[in-house]
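Student: What follows is a structure written as structure tokens; I'll ask about it next.
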Ligand code: AMP
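In this note's numbering, the protein residues as written are -19 to 171.
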């Protein structure tokens, strides 16, 4: 069976950074829906044009859009031991869609790896990242606040969903990149 890990956590928790290290160590394909959407915007595709306004407000793009991206990544990736999903699923509806997509392939979510940081740290981490990565949705505090609110209302309910499925695991996201990375490696090794 392929592994299907979900990297979970609020914006600014370090999912993208940690995903790269985990994917490399465990031979997983890292799929970031945020990165895929930013690629569509950069290429000026029709999908990118639609997504841009939503992303720049700090709102989510429609579930069907990201579900399609995930499915096509599953269909076109070979040579890995599994997948590391970063930024997906972000709603209960997406979590249910993922379960359907995987069960149609006789597969299932392996585990949810959650990186937890407090809300106050979200703002300072993202504001710091804005200068480095130049993301429009990182540049303005009101947009960051909207992303935090969206996380609490739409994404956080997934914790209960995956707890009930016995798949939710959490690490403390406060610390250096290497400290948090080692907590994640230890967690995966224990699974
Ligand atoms: P991220 O890079 O994961 O922080 O995502 C950046 C932005 O892309 C988010 O604030 C959303 O607007 C959009 N996005 C990324 N992943 C999803 C998703 N799974 N569902 C809906 N919108 C998403």
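Glycine included, C-beta positions come from ideal geometry on N, C-alpha and C.
A quick note: this is a predicted structure, and the numbers were derived from the prediction, not measured.
Can the beta-carbon of residue 13 be found closer than 8 Å to that of residue 67?
Tutor: Yes, the Cβ-Cβ distance between residue 13 and residue 67 is below 8 Å.
Student: Use the C-beta contact count for residue 157: other C-beta atoms within 10 angstroms, 16 or more gives buried, fewer gives exposed.
Tutor: The residue is exposed, with fewer than 16 neighbouring Cβ atoms inside 10 Å.
Student: Using 7 Å as the cut-off, classify the Cβ of residue 69 as near or not near the heavy atoms of ligand 1, replying yes or no.
Tutor: True, at least one ligand heavy atom lies under 7 Å from that Cβ.
Student: Check whether the region -17 to 1 touches the region 93 to 103, counting contact only when three or more Cβ pairs, one atom from each stretch, lie closer than 8 Å.
Tutor: Yes, they touch.
Student: Going by the CB atoms, is the gap between residue 92 and residue 7 shorter than 8 Å?
Tutor: No.
Student: Taking just the CA atoms, how far does residue 114 sit from residue 85?
Tutor: Each residue's Cα considered, the two are about 38 Å apart.
Student: Looking only at C-alpha atoms, which of 146, 122, 64, 106 sits nearest to residue -18?
Tutor: Comparing Cα positions, the closest option is 64.
Student: State whether the region 116 to 134 contacts the region 99 to 108, with contact taken as three or more CB pairs (one from each stretch) at a distance under 8 Å.
Tutor: As far as the Cβ criterion goes, the region 116 to 134 touches the region 99 to 108, which means the pair count is three or higher.
Student: What's the C-alpha gap between residue 39 and residue 118?
Tutor: Distance between the alpha carbons of residue 39 and residue 118 is about 13 Å.
Student: May I ask you to report which of helix, strand or coil DSSP gives residue -18?
Tutor: Reduced to three states, the DSSP call for residue -18 is coil.
Student: How far does the beta strand (DSSP E) with residue 63 in it extend, from its first residue to its last?
Tutor: Looking at the DSSP string, the run of the beta strand (DSSP E) that includes residue 63 is 62 to 66.
Student: Any heavy atom of ligand 1 inside 7 Å of the beta-carbon of residue 29?
Tutor: Incorrect: residue 29 has no Cβ contact closer than 7 Å to ligand 1.
Student: Helix, strand or coil: how does DSSP classify residue 171 here?
Tutor: Note: residue 171 maps to coil in three-state DSSP.
Student: By Cβ distance below 6 Å, which residues in the same chain neighbour residue 103 in space, the five residues on each side in sequence not counted?
Tutor: The residues are 124.
Student: Where does residue 182 sit, in a helix, a strand or coil, going by DSSP?
Tutor: As displayed, the chain neither begins before -19 nor continues past 171, which places residue 182 out of reach and without an answer.
Student: What span of residues does the alpha helix (DSSP H) with residue 122 cover, start to end?
Tutor: Counting along the chain, the alpha helix (DSSP H) containing residue 122 begins and ends at 121 to 130.
Student: Is it buried or exposed for residue 5, if we count other Cβ within 10 angstroms and need 16 for buried?
Tutor: Under this definition residue 5 is an exposed residue.
Student: What residues match up with residue -12 in a beta bridge as DSSP calls it?
Tutor: Its beta-bridge partners are 94.
Student: Taking a contact to mean a Cβ-Cβ separation below 8 Å, would you say residue 163 touches residue 154 in this structure?
Tutor: Contact: no.
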